[in-house]
DNA sequence: TATATTTCCATGGCAAGCAATGTATTGCAA
DNA sequence: TTGCAATACATTGCTTGCCATGGAAATATA
C-alpha cells in the first residue's frame, strides 16, 4: 500500500496546504491561521467564555488559552471579567478584528475556491459530507473511552 | 455561511482528529504522529538523503531536520555520512524501527477504518480522489508565484 | 585557480497542537 | 460554616509546522 492511498496521510497533507494557502492570504492583515476559527466563531457570537469557544472550535483548552493570549496581544480580542463568576472572562472582539472581518472571510472563500477548482457543485457537497462523516466517526472513537462502557444500553 | 460548511475548516478539524487517533495508537510503540510519514517513506526505501525525504513527504526542510533529530534521539533512524558528498548523510532505519513496522501499519489501517466506518468502497475511492485533487490544486496555487509569470505561455 | 553561486543541512524564532499540572473560584455537602 | 469536589483558566513541557538565516561543501564561472 502506498502512502498516497491512505486517507489519513492525504488528509494531513491537504490540511497543511490549506493552512499555508490561508497563511499567505491573511498574514497581510496581521492574522495567522490558528486564530481563524476563533475569529469566525466570535463574529457569529461574542461575549462568550473561553470554555464555550473551546467547545465550538473543538480545540484543547490549553491551546485556546495560548491562542487567546496571542490574540489579546495582537489586539484582536479583549477579555472582560465576568462579574457573575470571577474565574471567567467574556471574550469581546476589538474594532480591529471587525475591520478585517470581510477580508478574512474573502480570503477563506478564495482558498476554498482554489482547493476545489474544477469541482462540480455535487462533488463539493459529496466531499463535505464525507469529511463531516469522518469527523463524526473519529469523534465517536475518541470519546468512547471516556464513557464508561457499562453505562451503555 | 457556517464554519462547518467551509472545506478548509472541516479539513483542519478532521486532520487533528486523525492525528489524535493515530497518537493514542502508536504512542505505546514509542512513535509520534509526526514521525509517521517519514517512517513509511523509509520503509519503502532507506538510505535516502534528508532532501529526498522532504520531497517525498512534502514538509519543510527545517521541519524535517528537527524531526530527524528526534527520530535519531529515539533510535528510530541513524545517519551515515555520504562519502560522495560531505554535506549529506544517508538515513538508515534502526532495528527498533523495523520491529515496530507491522504495528505502525496496522495502527494506520485501523485509524483509516475508524474514520471511514460506514463508507462504501465507492465513497472511499471518491473521497480519496477528491482530496487528492485538492492537494494538486493547492500545490499548484502555492508554486505559481515561484515561476515567473512572464515565462508562462 | 580564485571567486561566486548553489546546494545541503542546521539553527533560532514563532505559532499551534496536546498532556499534565497548578491555582483560584465556585458550589455542594456534611 | 467549614471542608471538599468540581469548574475555569493558566502554566509548563513537548511535538510539529513554518520562516529566515547561517555555515559548510560542492559546483559553476571568471
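Protein chains in written order, with the working numbering: chain A, 13 to 165; chain B, 13 to 165. For every residue, glycine included, the Cβ atom is placed at its ideal position computed from N, Cα and C.
Cα-Cα separation, residue i to residue j
{"i": "residue 62(B)", "j": "residue 89(B)", "result": "12 Å"}
{"i": "residue 48(A)", "j": "residue 113(A)", "result": "10 Å"}
{"i": "residue 127(B)", "j": "residue 99(B)", "result": "42 Å"}
{"i": "residue 70(A)", "j": "residue 25(B)", "result": "8 Å"}
{"i": "residue 120(B)", "j": "residue 86(A)", "result": "39 Å"}
{"i": "residue 83(A)", "j": "residue 144(A)", "result": "28 Å"}
{"i": "residue 164(A)", "j": "residue 155(A)", "result": "Reliability of the predicted coordinates at residue 164(A) is poor, the pLDDT of 32 falling under 50, and the value obtained from them is presented with this limitation in mind. Roughly 13 Å between the two C-alpha positions."}
{"i": "residue 75(B)", "j": "residue 103(B)", "result": "16 Å"}
{"i": "residue 131(B)", "j": "residue 93(B)", "result": "47 Å"}
{"i": "residue 148(B)", "j": "residue 142(B)", "result": "10 Å"}
{"i": "residue 133(B)", "j": "residue 77(A)", "result": "41 Å"}
{"i": "residue 80(A)", "j": "residue 115(A)", "result": "21 Å"}
{"i": "residue 16(A)", "j": "residue 97(A)", "result": "50 Å"}
{"i": "residue 59(A)", "j": "residue 58(B)", "result": "53 Å"}
{"i": "residue 166(B)", "j": "residue 73(B)", "result": "Here chain B has residues from 13 to 165 only, and residue 166(B) is not among them."}
{"i": "residue 152(B)", "j": "residue 34(A)", "result": "14 Å"}
{"i": "residue 140(A)", "j": "residue 39(B)", "result": "30 Å"}
{"i": "residue 27(B)", "j": "residue 43(B)", "result": "18 Å"}
{"i": "residue 129(B)", "j": "residue 29(B)", "result": "14 Å"}
{"i": "residue 146(A)", "j": "residue 138(A)", "result": "12 Å"}
{"i": "residue 22(B)", "j": "residue 23(A)", "result": "11 Å"}
Continuous alpha helix (DSSP H) stretch holding residue i: start and end
{"i": "residue 133(A)", "result": "133-155"}
{"i": "residue 77(B)", "result": "73-85"}
{"i": "residue 65(B)", "result": "62-69"}
Residue i, DSSP secondary structure in three states
{"i": "residue 36(A)", "result": "helix"}
{"i": "residue 23(B)", "result": "helix"}
{"i": "residue 45(A)", "result": "helix"}
{"i": "residue 88(B)", "result": "coil"}
{"i": "residue 53(A)", "result": "helix"}
{"i": "residue 109(B)", "result": "helix"}
{"i": "residue 101(A)", "result": "strand"}
{"i": "residue 17(B)", "result": "helix"}
{"i": "residue 95(A)", "result": "coil"}
{"i": "residue 31(A)", "result": "helix"}
Nearest candidate by alpha-carbon position, reference residue i, set the options
{"i": "residue 20(A)", "options": "136(B), 151(B), 149(B), 56(B)", "result": "136(B)"}
{"i": "residue 46(B)", "options": "31(B), 93(B), 97(B)", "result": "31(B)"}
{"i": "residue 106(B)", "options": "118(B), 115(B), 91(B)", "result": "91(B)"}
{"i": "residue 109(A)", "options": "151(A), 124(A), 56(A), 142(A)", "result": "56(A)"}
{"i": "residue 51(A)", "options": "96(B), 151(B), 14(B)", "result": "14(B)"}
{"i": "residue 53(B)", "options": "67(B), 41(B), 40(B)", "result": "67(B)"}
{"i": "residue 150(A)", "options": "133(B), 41(B), 123(B)", "result": "123(B)"}
{"i": "residue 37(B)", "options": "80(B), 152(B), 134(B), 118(B)", "result": "118(B)"}
{"i": "residue 101(A)", "options": "65(A), 43(A), 18(A)", "result": "65(A)"}
{"i": "residue 18(A)", "options": "125(B), 129(B), 152(B), 153(B)", "result": "125(B)"}
{"i": "residue 41(A)", "options": "129(A), 146(A), 111(A), 29(A)", "result": "111(A)"}
Residue i, enclosing beta strand (DSSP E) - first and last residue
{"i": "residue 127(B)", "result": "Where residue 127(B) is concerned, there is no enclosing beta strand (DSSP E), although the alpha helix (DSSP H) it sits in stretches over 113-127."}
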